[in-house]
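Notes follow the structure.
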Amino acid sequence: MLHESDVLTKEVLGWRGLHLFHFKGSACSQKVRIFLNLKGIDWTSHHINLAKGDHITPWYMGINPRGLVPALVHDGKVIIESNDILEYLEATFPEPVLIPADRKEEMHRLLREEDDLHLDIRALSMRFVVPAFLVKKPESEIRKYEGIGSGSVHGAVDPDKAREAEFWREMIRNNGISDERASLAFERFRRALEQFEDRLEGQDFLLGDRLTLLDIAWYIYVRRLSEASYPLHRLHPRIGEWFDALDAREDFRGEVRWSRAIGAITRLLHGVQRLRRTDLARVTGVG
Ligand SMILES: N[C@@H](CCC(=O)N[C@@H](CS)C(=O)NCC(=O)O)C(=O)O
6 MLHESDVLTK EVLGWRGLHL FHFKGSACSQ KVRIFLNLKG IDWTSHHINL AKGDHITPWY
66 MGINPRGLVP ALVHDGKVII ESNDILEYLE ATFPEPVLIP ADRKEEMHRL LREEDDLHLD
126 IRALSMRFVV PAFLVKKPES EIRKYEGIGS GSVHGAVDPD KAREAEFWRE MIRNNGISDE
186 RASLAFERFR RALEQFEDRL EGQDFLLGDR LTLLDIAWYI YVRRLSEASY PLHRLHPRIG
246 EWFDALDARE DFRGEVRWSR AIGAITRLLH GVQRLRRTDL ARVTGVG
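Here our numbering = 1-based position in the sequence shown + 5.
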């Protein structure tokens, strides 16, 4: 939850009700929307179009100083970071339970591990789901980003803003996502999914026999990995089955289905990458 001094768009501090700033195609936004669906909570939508740069504006960065979606405003409180938003919502709207009372600490740790992989999923998305030239930020945009917003979270200088800028500068230096970066990201996911594969022996969901927030969070990652042509069913058959069951549900799938155009672009990208032998299987050696 942000301090009032972090928030420069002061009008939101007076807003009542639940407002979500999100983007249709953003993985972290999809995670929050599925959670809201399962809770049956009413919310007001503020669509922030990342493709049009709505997030790098003084108004939006006055709400989320990191310039990222999602962000939540609830009765004047501003909460950023998808996992913090979800833990806040669970505490505020406890039914139906998505973080079992006796697993809160474990969930917090597992969500932190999940968040640590965020730049890895972004790297794989920008290498194997959308072509780099469509998503790369020029230096001028990175400078603009650095100059807007309070730059502070919890009243102190926010180191994550510099980390974001560095991600985009690395993309400029490497003219996209390098093979090394993509392979590293792939290996991190493979290791994480191997652990979940073991967990799914003898239980239907990642934390036991009931669906929890952990399933929602990893459904989103696994969905994106499949779009990147990660060989899910071959490497992790139990995760493959778990994923197929969730993906058949409208309250999950409805939130991740967003653009036929992007689907067509990804198919084209995969075709070109196969011809050039730069596809995921070749780059990571998993083929
Ligand atoms: N750790 C953050 C990550 C948020 C994030 O990276 N959001 C992406 C969309 S999934 C975004 O806003 N990207 C815009 C940009 O980097 O320009 C969270 O969990 O909320």
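We put the CB at the ideal spot given by N, CA and C, even for glycine. Keep in mind it's a predicted model, so treat the numbers as computed, not measured.
Where residue i falls, given that 16 or more other Cβ within 10 Å makes a residue buried
i    : result
A266 : exposed
L251 : buried
S130 : buried
P75  : buried
E169 : buried
A222 : buried
T49  : exposed
Q200 : exposed
K142 : buried
I68  : buried
I46  : exposed
F133 : buried
D184 : exposed
K36  : buried
Q278 : buried
H24  : buried
H60  : buried
G19  : exposed
I214 : Per the sequence shown, residue 214 should be read as Asp rather than Ile. Under this definition D214 is an exposed residue.
Three-state secondary structure (DSSP) of residue i
i    : result
G213 : strand
V74  : coil
T62  : coil
A253 : coil
T14  : coil
L189 : helix
K44  : helix
I84  : strand
T283 : coil
H123 : helix
L7   : coil
V158 : strand
F26  : strand
H113 : helix
S50  : strand
H241 : coil
Rounded distance between the beta-carbons of residue j and residue i, thought under 8 Å
i    : j    : result
G156 : D165 : With a Cβ gap of about 10 Å, G156 and D165 do not count as contacting.
L122 : R193 : 6 Å
G72  : G154 : 7 Å
S10  : G160 : 6 Å
Which ranges does the alpha helix (DSSP H) cover as unbroken runs of at least 4 residues, wholly within the stretch 129–153, from first to last along the chain?
137–140, 144–152
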